[in-house]
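Engineer: Residue numbers (the numbering used here): 3 to 249. Ideal placement from N, C-alpha and C gives every residue a C-beta, glycine not left out. These figures come from a predicted structure and were not determined experimentally.
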């Protein structure tokens, strides 16, 4: 019996699962995987395997996946890397039809009638980006190791306003505590191609006029804790260094 090919919609759902579930939950008993399987008419084990296969396309993992990556899987992954916002908008729309909604999706369904469809899509993309980035860093600040999710920010390396195609791209993200997120956003710190923190000379100038947290001065030269998936893109890191960092 010939196996049924995976449709683009089914692949989008599997990619979404790969991005938003911890590795330990990518199995056939996970309730989200079961719900997706029921929705698309496949077995939970098949859905779990398809989600896991995207691991072989993630350079951060250096693994081969389960050996069943198709040409269309590679095409979708490439599209995700090139235009993450569009891909995730499509995936979130499909995911919202399953009936197993995350808290942020329930909130969006209850949004005011005055909120436009565009605004709802933006919030869904933002919610996906935060979940995917923090999951990749295991809910820890990449610099300080802080493990309080309420105090963590999924920071864009290339800002949201600068590149709409990369708004949902987890390789364009860092998990930082609120202080380091603000410092990164203002260019007081940056991260080089070796994943080490560099301090701006502007911090020293500010210190002469204002009290500055000693935490900022202790991180210079420190290597960040790398994520379990979706390594920070060197091109994005260089963009931040050249365009945001206050050398």
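Counting C-beta neighbours from all protein chains within 10 Å, is the total for residue 193 16 or more, i.e. buried, or is it exposed?
Structural biologist: Result: buried.
Engineer: Contact between the region 28–36 and the region 78–87 is defined here as three or more beta-carbon pairs at a separation below 8 Å; is this criterion met?
Structural biologist: Output reads no: the region 78–87 does not touch the region 28–36.
Engineer: So, are the CB atoms of residue 175 and residue 234 less than 9 Å apart?
Structural biologist: It is a contact, given that the beta carbons lie within the stated cut-off.
Engineer: Can residue 42 and residue 12 be called in contact, C-beta distance under 9 Å?
Structural biologist: Yes, they are a contact pair.
Engineer: Count the other CB atoms, across all protein chains shown, that sit within 10 Å of the CB of residue 246; report buried if there are 16 or more and exposed otherwise.
Structural biologist: Result: buried.
Engineer: Evaluate residue 129 with the Cβ neighbour count: other Cβ atoms within 10 Å of its Cβ, from every protein chain shown; 16 or more gives buried, anything less gives exposed.
Structural biologist: So residue 129 ends up on the buried side.
Engineer: Within the continuous beta strand (DSSP E) that includes residue 175, where are the two ends?
Structural biologist: Per DSSP, residue 175 belongs to the beta strand (DSSP E) from 175–179.
Engineer: Taking only runs of the beta strand (DSSP E) that begin and end inside the region 191–233, which ones reach a length of at least 3 residues, in chain order?
Structural biologist: 191–193 and 199–201, all fully within the region 191–233.
Engineer: Could you tell me the boundaries of the alpha helix (DSSP H) in which residue 28 lies?
Structural biologist: No alpha helix (DSSP H) holds residue 28; DSSP gives it neither H nor E.
Engineer: Compare the C-alpha of residue 17 against each of 229, 201, 94 and 162 and name the closest.
Structural biologist: Selected option, being the one with the closest Cα: 94.
Engineer: Whose C-beta lies closer than 7 Å to the C-beta of residue 105 among residues of the same chain, with five residues either side of it excluded?
Structural biologist: In this prediction, residue 105 scores a pLDDT of 46, lower than 50, which makes its location untrustworthy; the coordinate-derived value is nonetheless stated afterwards. Taken in chain order, the list of residues that qualify is empty.
Engineer: Which of the three DSSP states is assigned to residue 249 in this structure?
Structural biologist: Residue 249 falls in the coil class under three-state DSSP.
Engineer: Which term fits residue 231, buried or exposed, when burial requires 16 or more other beta carbons within 10 angstroms of its beta carbon?
Structural biologist: Flag for residue 231 reads buried.
Engineer: Below 8 Å, how does it come out for the region 189–208 and the region 130–139: are there three or more Cβ pairs, yes or no?
Structural biologist: Taking 8 Å as the limit for Cβ pairs, the verdict is that the region 130–139 does not touch the region 189–208.
Engineer: Compute the distance between the beta-carbons of residue 169 and residue 48, then report whether it is under 9 Å.
Structural biologist: Taking 9 Å as the Cβ cut-off, residue 169 and residue 48 do not qualify as a contacting pair.
Engineer: Which runs of the beta strand (DSSP E) spanning at least 3 residues fall entirely within the region 148–172, listed in chain order?
Structural biologist: If we require 3 residues or more, the beta strand (DSSP E) runs fully inside the region 148–172 come out as 154–158.
Engineer: What's the call for residue 229, buried or exposed, on a 16-neighbour Cβ count within 10 Å?
Structural biologist: It counts as buried.
Engineer: Is residue 42 helix, strand or coil when you go by DSSP?
Structural biologist: Note: residue 42 maps to helix in three-state DSSP.
Engineer: CB residue 73 to CB residue 25, shorter than 9 Å?
Structural biologist: Their beta carbons are not under 9 Å apart, which means residue 73 does not touch residue 25 by this criterion.
Engineer: I'd like to know whether the C-beta of residue 25 is nearer than 9 Å to at least one C-beta of chain D.
Structural biologist: Included in the structure is just one protein chain, with no chain D present.
Engineer: Do you know how far the Cα of residue 223 is from the Cα of residue 152?
Structural biologist: For residue 152 and residue 223, the distance between alpha carbons rounds to 27 Å.
Engineer: Using 9 Å as the threshold, is the C-beta distance between residue 62 and residue 19 below it?
Structural biologist: Not a contact, by the Cβ cut-off of 9 Å.
Engineer: What is the rounded straight-line gap between the Cα of residue 164 and the Cα of residue 157?
Structural biologist: One C-alpha to the other measures close to 13 Å.
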